[in-house]
Structures are given as structure tokens and as C-alpha cells.
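S.K.: Chains A and B are the protein sequences, given in the same order.
FYI, in my numbering the residues of the first sequence are 273 to 1017.
FYI, in my numbering the residues of the second sequence are 346 to 430.
For each residue, glycine too, the CB sits at the ideal point set by N, CA and C.
Please read all numbers here as calculations on a predicted model, not as lab measurements.
My questions all concern the structure below.
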Amino acid sequence: MSIAAEPQTRTVALIGNPNTGKSTVFGALSGVQQRVGNYPGVTVEKKTGRMTVDGKRWTLIDLPGTYSLAPRSLDEMVAVDVMLGRRPDTPKPDVILCIVDANNLERNLYLVSQVLELGRPTVVALTMTDLAEDRGTTLDLPKLRERLGVPVVPIRAHKRIGLDALKTALAETATQEQPASAPESPFPEPFQGEVARIEAWLADARPGLPPLPRYLVERLLLDTSGYLEGHVALKNGNVEGLHAEILAARQRLAEAGCPVPAVEAMARYGWAASMLDGVVTRPDEPRVTSGDRVDRVLTHRVWGTLIFVAVMALIFQAVFTWSIPLMDLIDAGVGGLATLVEGVMAEGALRSLIIDGMIAGVGGVIVFLPQIFILFFFLGILEDCGYLARAAYLMDRLMTRLGLSGKSFIPLLSSFACAIPGVMATRVIEDRRDRMTTILVAPLMSCSARLPVYTLLIAAFIPPVAVAGFVSLQAMTMVAMYAVGVITAAAVAWALKKTAFKGPTPPFVMELPAYKWPSPRVVLHRMFERGWSFVRRAGTIIFAVSIVMWALLYFPRLPESTEAAFAQQIAALEDQREAADDAEAVEAIDAQIATLEARADGEQKRLSLLGRAGRVIEPVVRPLGWDWRIGAAAIASFPAREVVVATLGVIFDVGSDVEGEEGASRLQVALREAEHRDGRPLFTIPVALSIMVFFALCAQCVSTLAVIRRETNSWGWPLFCFAYMTVLAYFGAMLVYQVGTWIAA
Amino acid sequence: MSSVAELPPSVAELIPLTLLRPGQSGTVDQVLGTGDLVHRLREMGLRRGAMIEMIRPGSPCMIRLDGHTLGIRSTELSGILVRPA
């Protein structure tokens, strides 16, 4: 018997500037084996993958794209801590893989110089060499390797060229505990002297603690925001002492002609220039590429905007129309499964739990998938070919007025289809404040799930008359509902940027990457990645809430005597049907049975915990013009707002299957006939409007809240979102009802 | 801006980046502003000596820097003085 050796695992961390093709390299190395999560306590995405090198298992860690390793916040600290092995939740990387764009070596080498200073084994992967060649740039690779002192591997990840060489370089480098030669500091002598001085001071002030990595000591000196100072654990918390040391050091450096922080840019760009001198040759005249000519049209204020509107209209059309057959298919599949279970199981709580709780819950999750997949398929194409950055550039002027940037536009637009992909699409926004604001207002965009609510109530209560001869009042009401959401979102975004997310805006710089043909592999990969991350992360929460809501509607049961009375009547009718001879009579009896069953169901729902809750909250919803039935339907629609239509159907004794044209019209009739206890009609135009405004503004969608929880990595933000939207919805609905009633009177 | 172009080079040497005309290029000379903003701009490559070409003025404007096209808001660029080529 041989002792099976545990296959050695190694870890590599990927770092690079934005738009260097880092995600493509990550995808090409790890294939489909990847996991997306979150670093605890921050909003930074933790993306890990696996690959095999010479039979050994490797873990890949993808770090956020960045121009510089200069942490000024908790989020920016993550990358530095991961690479230095300072995070307990992440293994210390054996190698750092730095992705470098061959077209912009000066700026990319700025980051490389920081990475090399971390003192970890490093490999450089050079991407977009084909584009550099097209532009007439030539590179002396052996010379660059020699100067940098680390392997430099040219790759074309989307064509899988150079990946083997890259893996070999990683495997060879990983065996070194330290880099082959300690990198020379790019900083001038006086700066290095001050760093050594602070190192010595810290050694005294941190007895028993491992010395702070030299890179972090440098950063302490360079970080004028003071963030890192608060990050250092000191004996007796002598923060003032450290601060005084640093200020004194900066003073001396300024006098020595090395002002902080400017000295860093001078030193690193100087270093980059010395690395590249004689390595890169460029044509004297930059060639005008076909991409430049395309850009002249696509970023034009008029033509570019028109093309953008057309592209978005096309995508929306696809999201709405292409998804319908798929969503119907999923609906039918879920319905079929429910029928199957109904057939094989005896009636009872367990069957109801499986059908109405579990199957309906899972169905409620996966029914969103077609829209998510289609939207991310198109966004993936636009992103990969380089158009999405142009769209953000075009929309920036508009979004600046709300305190946001052009990068928020696509996520908000996506939210008209569904807030879930919209919230997920905010990952492209680097600025945390902008991203949080966008996430928090995205659910205010009228998503497709609000449509059934609008359609039902508009068809039932808004008279089909034309205003000014040609504009239908019904259509105008629909547009008004969308406008309510957009205007509220604008106001909330503006308010959030003035209060909770106030602060200096970081410079808005967006790279407009060179156009290229989208890679099907990358596009499909992104689409599935986002789809699955929704199912896995949000699915569990949605599933759990669906079961809770089921229980609230199922318990307690009707007393046996009531149930028996209904059963008896139905049985009697069934006997009559057996005896009936003509088709017309059978049909009439079937209709009676359906009415009875709907009534029994309605009785049960009224008795349930949720029905009782509706009665308890009736005083609260009365100012909105609602009675307890509408209140209960609103509570029941917490998991998903479109459920309110089915719930209204149950509560008003029509049955839950109101989706067919006939059912909807039966529900409309039932709603029109509904009365208060004193005989006044329950639904008036102000009441209908109040319900619509409530659903336009409320956060009745557990899937969205689950995705916000996943993206912000906290329960606080989804709770805040739910709270503020519910408050807005409540007062919005009250305003509409009160004003409407006053006008009508 | 034609008046600036007609001035002798010693006077017309430095202009704010935002005043470059479409297609005109220049070399970054000074980056002025608060410490953190300037530092971030430098990290992104807007450093002394960098070659910049204005593609589309306005806010945000489109510039070419080191062979890359960037969209930047003009408010951020007002402190960047360039020497027109």
C-alpha cells in the first residue's frame, strides 16, 4: 500500500490595470471552475478559480482591476492584503501574476513597480500584443525580461495562445520562496531613509507583532488621506505619535526636494522610463485606425446618442419578447411538475407545502432566468466589443445632474426589465458611493413584474377615453406610473449623494477600450456566471421566504365543519353533473363548482395568519383608501409584487388562476363589485391609483432584496432599501388617494 | 482661441488641457489641484511629460493618452496645463 501524497496546491493572485483583459486571462486559465463570493466586511468581489499545472492543483484569485496599489479605503486594502498574505480568509499567494497591456506600458509598469516592491514572486503576462503590432509598436521582450528580473510572457487569452508558456512560468516562479533578486526601490535615497526610520519606530511601537511589510511602511508615508495610519495596530494606541513621526518625515522630504505624494509618481514613472528605454519603439505618427473612425460616429453627441437609443431599444425588445416563450416554458414546466405532484400525493399540508411553497418558490426564482440571461448576453457583447464604455461616456452628462456618473446608466436602464440584473450590472461602477446609490435606486425603475398590476387596475378602473382627442387615458396612466418611478429615483439618488454618500467624487476617468470582435467564449461565460450567481445566491433566500409566506397563508386551517360543508356542496354538484345529460348543463355545474372552490379558498385565506394580519393593519392602510383585503394582498405580495394579482383573485373569491383573459376580466368584475362593509364601492379611481403608486414605489420583491444583500454584502442595505421604499410607497399612495378623493368630491 | 495661437510661443506656452482643439495635441506640463486628486490623475497616466491629444472637447471630453482613449470630466482636467504641440 502506497501512501497517497496529498496533491500540492498552489495559489496565484491576478492583478492588473482595468481593461487589460485580466478577466479574460482568468477565464482562460480557470475555465468554468470558478466561484464568486465576497470578502467579508467589504463590497469587494472575491473571485476564485482552479487550474491544473503539471498535475498539481492551483487556486487562482482574481483581484479588482486597479491603476495603483495605494489603499485609501477598506475596499482598496483588500488587494494589498491578499497579495501580502495578510487576510486570514485567503491563502497567501505563491505567485503574483501581473497582467500588463502592451499598448500602454508606462502606465501599466507603474502598477508593476508597486507589485515588485511587495517582494513576492511575480510573473508578468503581456496582453494585447496583436493590437500593439497593428499600431506599429515593437517590443524587445528579452531586454524587458532582463531589466524587470521576472518572467514576461506574451499571451492572447481569447485565442488561448501563450497559456502553456504562462503556466510553465508560474510553476517555475512558484517554487521560489522569495523573488530571485530583491527589487531595487525606485525611490530616491532620502525617501528610503525616512522609510527605514519609520520602520525602526514601528518596531519599538509594536512589540510582539511581526514587522509591517516594507511596502506598507512606504504607503504610510505616501498616503496623505491618513487611511493607513488608522489601519496600524500600535502599543497603547499611540496614534498621535505615529502621526507626528510621519508629518516630520514628510516635512524633511519636502525640504529635500521629494514632496509627498508627488515623489511616488516621479519615482515610479522614472523607473518605468528606465525599464522601457530602448525596449519599445513606436511609429512617429500615431496611425488613425478604423476604430478611431467608428468612434467619431459612435461618440457623436447627436448620431452617437441616436445609435445608442436604437441599440437599447433593440435590447429591450429582445429582453421582453424573446424571454416570453422561455418564461412560458418555465411556467408550464413548473405547473406540470405541480400537477404531477398533485396526482401522486394525498391532499394535505405536505402536498400543499411542496406545491405552493417549494415548487412555486423555485419557479419564482428560475422564471427570472431568461430575462437575466438575455440581458447579460447582449450586455456581454456590448462590453466585450468596447461599446459599453462609449455608452457610459455619452450618458455621463445626463447622469452628472443626479450626482452619478455615466456608468450608472446601463444598470438603471436594465432595471426596467428587472432590478436583479440591474443591481448585478452595477459591478462596473468602481466608485463605492456611486455604486451604492445606483443599487439603492435601481428597484424604483418600473420592472416588468409591475406590469400585471398596472394592466389589471388600469383595465378595470381607468376609463378607456381619449384625452385631447388622441391620447388614451389608459396609456397615459401607464406612462405616469413609469414616470413616478423615474422621478422618485432621481430625487432619491440626488438626496443620497447629498447625505449618506456625500464626499469628494474621485476623478471620473473611463477608459474607452479599442474596439474588437466580441469573443463568444467570454460573452457566454459572463452570461452564465451572472445567471448562476443569481440562482445560487438569491435562490436560497427567495426559497426560504416563499415557504414562510406559504405557511402564513396555509395556517390555521378552516374548522372541519366549514370545510365539510363546502365539500358536501361540491359533492352534491358533482352528483348532479353525473346525472346531467346536455353539455350546457355540465358547463353550468362546472362553473358553480369552480365558484364554490374559489369561495372555500377565499374563506381559508381570510382565516389564515396573513388574512388576520390584513385585518390588524387595516387602520394603517385606511388612509390609502384600502380595506383589509387589499392590505392582506399587499403583504402577501412581499416575495414578488406580481403575486398581488393572484392574491387579489383568491381574496375576492375568483380563484388564483386569473391570468387567462377570461380570469382577468372576472377579477376585474369582482373588483368593480367589491364593497366596503357599509355598502360603498371599495374601488374608486383614486383607490386604484393609490394601489398602483404603492406598487410602483414599494420594494415588494424578495429577489431584489436578496441580490442587494449579495452585492452589498450586508443585511443593512437591503433593509434600508425596503424601509425607505415602503415609506415612500405608503405616503405616495396616501397622497394620491387623498388628493384624488378631494378632486373627485 | 485663435488669438492665443497667434501669440509668440513664449507667452502661449501653457494652456489648460480643456482648451485644446479637436485633433490638437500637447505635452502635460503642470498638474495642479488637491493632493489626492492630482495623485490619482498621475496614477492614471496624466503626468508631466505625457503626450495628450484632444479628440472631442466638452464634458466629459475624449482625449488620447499614451495610445489609449479616455473619457474624463472637464472639471477634473481644469488644473492640467499643457504645452500645445
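1. Nearest to tyrosine 787 of chain A by alpha carbon, out of A:Asp567, A:Glu869 and A:Val350?
2. I'd like the list of long-range same chain contacts for valine 552 of chain A, defined as Cβ closer than 7 Å, with 5 residues on each side in sequence excluded.
3. Taking only beta-carbon atoms, is tyrosine 665 of chain A less than 9 Å away from chain B?
4. I'd like to know if threonine 283 of chain A contacts chain B, where contact means its C-beta is closer than 9 Å to some C-beta of that chain.
5. Residue range of the alpha helix (DSSP H) that leucine 386 of chain B falls in?
6. Residues of the segment 361 to 386 of chain A with a CB closer than 7 Å to any CB of chain B: list them in chain order, please.
7. Assign phenylalanine 742 of chain A to one of two classes, buried (16 or more other C-beta atoms within 10 Å of its C-beta) or exposed (fewer than that).
8. Counting only beta-carbon separations shorter than 9 Å, does aspartate 567 of chain A have a partner in chain B?
9. Can you tell me where the beta strand (DSSP E) with glutamine 375 of chain B in it begins and where it stops?
10. Between leucine 382 of chain B and chain A, is any beta-carbon pair separated by less than 9 Å?
11. Inspect the beta-carbon positions of leucine 369 of chain A and threonine 401 of chain A and report whether they are closer than 9 Å.
12. Give the straight-line distance between the Cα atoms of phenylalanine 649 of chain A and alanine 590 of chain A, rounded to the nearest whole angstrom.
13. So for proline 715 of chain A, helix, strand or coil by DSSP?
14. Under 9 Å Cβ-Cβ, which residues of chain A neighbour aspartate 411 of chain B?
15. What is the C-beta distance between proline 458 of chain A and serine 385 of chain A, in whole angstroms, given that I count them as a contact (C-beta under 8 Å)?
16. Could you list the residues in the segment 335 to 353 of chain A with a C-beta less than 8 Å from some C-beta on chain B, going in chain order?
17. So which residues of chain A does isoleucine 417 of chain B contact, with C-beta pairs closer than 9 Å?
18. Going by DSSP in three states, aspartate 854 of chain A sits in which element: helix, strand or coil?
19. Excluding the five sequence neighbours on either side, which residues of its own chain have a C-beta within less than 8 Å of the C-beta of leucine 684 of chain A, listed in chain order?
20. For tryptophan 822 of chain A, tell me which candidate among A:Ala772, A:Thr749 and A:Lys877 has the shortest Cα-Cα distance.
21. Determine which residues share a DSSP beta bridge with cysteine 970 of chain A and list them.
22. Does any C-beta atom of chain A lie closer than 9 Å to the C-beta of leucine 359 of chain B?
23. Measure from the C-beta of aspartate 899 of chain A to each C-beta in chain B and report whether the shortest distance is under 9 Å.
24. Where does alanine 786 of chain A sit, in a helix, a strand or coil, going by DSSP?
25. Proline 533 of chain A CB to nearest chain B CB: under 9 Å?
26. For tryptophan 330 of chain A, does the three-state DSSP call read helix, strand or coil?
27. Does phenylalanine 595 of chain A pass the burial test, meaning 16 or more other C-beta atoms within 10 Å, or should it be called exposed?
28. Who are the Cβ neighbours of alanine 663 of chain A in its own chain at under 6 Å, not counting the five residues just before and after it?
29. Start and end of the beta strand (DSSP E) containing arginine 366 of chain B?
30. Using CA atoms only, rank isn't needed, just tell me which of A:Pro479, A:Leu494, A:Ala443 and A:Ala441 is closest to valine 467 of chain A.
31. Let me know if histidine 797 of chain A comes out buried or exposed under the rule of 16 or more other beta-carbons within 10 Å of its beta-carbon.
32. Cβ closer than 9 Å: which chain A residues qualify as neighbours of methionine 407 of chain B?
33. Give me the Cα-Cα distance between glycine 288 of chain A and leucine 647 of chain A, rounded to the nearest whole angstrom.
34. For tyrosine 754 of chain A, name the three-state secondary structure that DSSP assigns.
35. For methionine 399 of chain B, decide whether its Cβ has a neighbour in chain A, counting only Cβ atoms nearer than 9 Å.
36. Can you tell me which of the three DSSP states alanine 604 of chain A falls into?
M.R.: Per the coordinate set shown:
1. A:Asp567
2. Leu377, Thr409 and Leu411
3. yes
4. Not an interface residue.
5. 380 to 388
6. Asn375, Asn376, Glu378, Arg379 and Tyr382
7. Exposed: under 16 other Cβ atoms inside 10 Å.
8. yes
9. 370 to 376
10. yes
11. no
12. 11 Å
13. helix
14. Neighbourhood of aspartate 411 of chain B in chain A, by CB distance below 9 Å: Asn375, Asn376, Leu377, Glu378 and Arg379, in chain order.
15. 5 Å
16. Hits within the stretch, in order: Tyr339, Ser340, Ala342 and Arg344.
17. Pro779, Phe780, Val781 and Met782
18. In the structure shown, aspartate 854 of chain A falls within a coil segment according to DSSP collapsed to helix, strand and coil.
19. Gly694, Thr710, Val713, Ala714, Met717 and Ala761
20. A:Lys877
21. Looking at the DSSP assignment, cysteine 970 of chain A forms no beta bridge with any residue, so it has no partner.
22. no
23. No, aspartate 899 of chain A does not count as interfacial toward chain B.
24. coil
25. Put simply, the CB of proline 533 of chain A is near chain B, with a gap under 9 Å to one of its CB atoms.
26. strand
27. A quick correction: the sequence has serine, not phenylalanine, at residue 595 of chain A. Here serine 595 of chain A is buried, its C-beta having at least 16 other C-beta atoms within 10 Å.
28. In its chain, beyond the 5 residues on either side, Phe580 have a beta carbon closer than 6 Å to the beta carbon of alanine 663 of chain A.
29. Careful: arginine 366 of chain B lies outside any beta strand (DSSP E) and carries neither H nor E.
30. It is A:Leu494.
31. buried
32. Asp567, Thr571, Tyr665 and Leu784
33. 28 Å
34. helix
35. no
36. helix
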